[in-house]
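Undergrad:
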Amino acid sequence: MNKKDIQELFRRFQEALPEPTTELEYTNPYTLLVAVVLAAQSTDRGVNIATRPLFKIVDTPQKMLDLGLDALKEHVKTIGLYNNKAKNVIALSKILVDSYKGQVPSTRDALEKLPGVGRKTANVILNTIFGQPTLAVDTHVFRVSHRLGLSQGKTPEAVEEDLLRIVPTEYLPNAHHWLVLHGRYICKAKVPRCVDCLIRNLCPYPDKTLLR
0 MNKKDIQELF RRFQEALPEP TTELEYTNPY TLLVAVVLAA QSTDRGVNIA TRPLFKIVDT
60 PQKMLDLGLD ALKEHVKTIG LYNNKAKNVI ALSKILVDSY KGQVPSTRDA LEKLPGVGRK
120 TANVILNTIF GQPTLAVDTH VFRVSHRLGL SQGKTPEAVE EDLLRIVPTE YLPNAHHWLV
180 LHGRYICKAK VPRCVDCLIR NLCPYPDKTL LR
């Protein structure tokens, strides 16, 4: 995809959805951090179902520590890998209380040192909470980037590097959310909804599905 097409692609995304954001439900930076950690290898919908009652009683690291590991596990037991994720949430909450006065840090280095937080999670927090032009590459972004010819990177890090290099600066703050939502609802893994795609005439993907 050439530079002109890339510009047009993101222009259409912006026109269709001017203010995209995560579909994870949260009330503050801490609850988003918890939600993103819980969402690894799980669906946003499943995480939201589990965290709605949790976040009504827990919205700070100290409250999470007061809740305790066993009670947290009971709240999130419907989420995949919940045992390990719950341990990470308790551990990162203690670090936030002990080292950051209960606040979520705003630097990649500090975020990635928290248990259960990798580069993708850090990118989501940096982008959604702190407005930094980062690009979290999940399975949707990885797939869409390849289908659109935005990257041929073999790893999420390689795709991220390509996207940061070619996405026009003015679209970087929202590019992650547009690509995630496009992959989740239109450019699906098994049967992409190409007939409903607002960028299908720009897309080089050879296996388009033009019938409903």
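Taking numbering that gives the first Met the number 0, the leading residue of the sequence shown gets 0, the next gets one more, and so forth. We treat Cβ as the ideally placed atom computed from N, Cα and C, and that holds for glycine. Keep in mind that this is a model prediction, so the values were computed, not measured.
Whose C-alpha, out of 172, 57 and 83, is nearest the C-alpha of residue 125?
TA: Reading the sequence shown from its first residue, position 126 is the one you call residue 125. It is 172.
Undergrad: Where are the alpha helix (DSSP H) runs, 4 residues long or more, that stay fully inside the segment 120-164, in chain order?
TA: Every alpha helix (DSSP H) stretch that sits fully inside the segment 120-164 and reaches 4 residues is listed by chain position as 138-146.
Undergrad: Where does the unbroken alpha helix (DSSP H) through residue 2 begin, and where does it stop?
TA: If you number the sequence shown from 1, residue 2 lands on position 3. It spans 2-15 - the alpha helix (DSSP H) in which residue 2 sits, taken as one unbroken run.
Undergrad: Using the rule of at least 16 other Cβ atoms within 10 Å of the residue's Cβ for burial, across every protein chain shown, is residue 51 buried or exposed?
TA: As a first step, residue 51 is located in the sequence shown; it is residue number 52 there, counting from the start. It is exposed - the Cβ of residue 51 has fewer than 16 other Cβ atoms within 10 Å.
Undergrad: Indicate whether residue 139 and residue 183 have their beta-carbon atoms separated by less than 7 angstroms.
TA: Reading the sequence shown from its first residue, position 140 is the one you call residue 139. Reading the sequence shown from its first residue, position 184 is the one you call residue 183. Against a cut-off of 7 angstroms, the Cβ pair of residue 183 and residue 139 comes out as a contact.
Undergrad: So what does DSSP say about residue 166, is it helix, strand or coil?
TA: Here residue 166 corresponds to residue number 167 of the sequence shown, with the count starting at 1. Reduced to three states, the DSSP call for residue 166 is coil.
Undergrad: Express the C-alpha separation of residue 164 and residue 20 in angstroms, rounding to a whole number.
TA: Within the sequence shown, numbered from 1, the residue matching residue 20 stands at position 21. Within the sequence shown, numbered from 1, the residue matching residue 164 stands at position 165. Annotation: residue 20 to residue 164 spans about 22 angstroms, alpha carbon to alpha carbon.
Undergrad: What does the alpha-carbon distance come out to for the pair residue 142 and residue 81?
TA: Reading the sequence shown from its first residue, position 143 is the one you call residue 142. Reading the sequence shown from its first residue, position 82 is the one you call residue 81. Answer to the nearest angstrom: the Cα atoms are 26 angstroms apart.
Undergrad: Quick one: what does DSSP say residue 111 is sitting in, helix, strand or coil?
TA: For the purposes of this step, residue 111 is taken as the residue at position 112 of the sequence shown. Three-state result, residue 111: helix.
Undergrad: Please report the straight-line C-alpha distance between residue 59 and residue 74, rounded to a whole angstrom.
TA: As a first step, residue 59 is located in the sequence shown; it is residue number 60 there, counting from the start. As a first step, residue 74 is located in the sequence shown; it is residue number 75 there, counting from the start. One Cα belongs to residue 59, the other to residue 74, and the distance between them is close to 16 angstroms.
Undergrad: According to DSSP, is residue 105 part of a helix, a strand, or is it coil?
TA: Counting from one through the sequence shown, the residue named residue 105 turns up at place 106. DSSP places residue 105 in coil when its eight states are reduced to three.
Undergrad: Which whole-angstrom value describes the C-beta separation of residue 136 and residue 119, a residue pair presumed to lie in contact below a C-beta threshold of 8 angstroms?
TA: Along the sequence shown, one-based indexing puts residue 136 at 137. Along the sequence shown, one-based indexing puts residue 119 at 120. Residue 136 to residue 119, Cβ: 7 angstroms. Contact.
Undergrad: Just to confirm the assignment, what range does the alpha helix (DSSP H) spanning residue 183 have?
TA: The residue labelled residue 183 in the question sits at position 184 within the sequence shown. Per DSSP, residue 183 is one residue of the alpha helix (DSSP H) stretching across 171-184.
Undergrad: Hey, residue 15 and residue 23: beta-carbon distance below 7 angstroms or not?
TA: Within the sequence shown, residue 15 is the residue found at index 16, counting from 1. Within the sequence shown, residue 23 is the residue found at index 24, counting from 1. For residue 15 and residue 23, no; Cβs fall outside 7 angstroms.
Undergrad: With respect to the alpha helix (DSSP H) encompassing residue 69, which residues constitute its N-terminal and C-terminal limits?
TA: Within the sequence shown, residue 69 is the residue found at index 70, counting from 1. 68-75 is the extent of the alpha helix (DSSP H) around residue 69.
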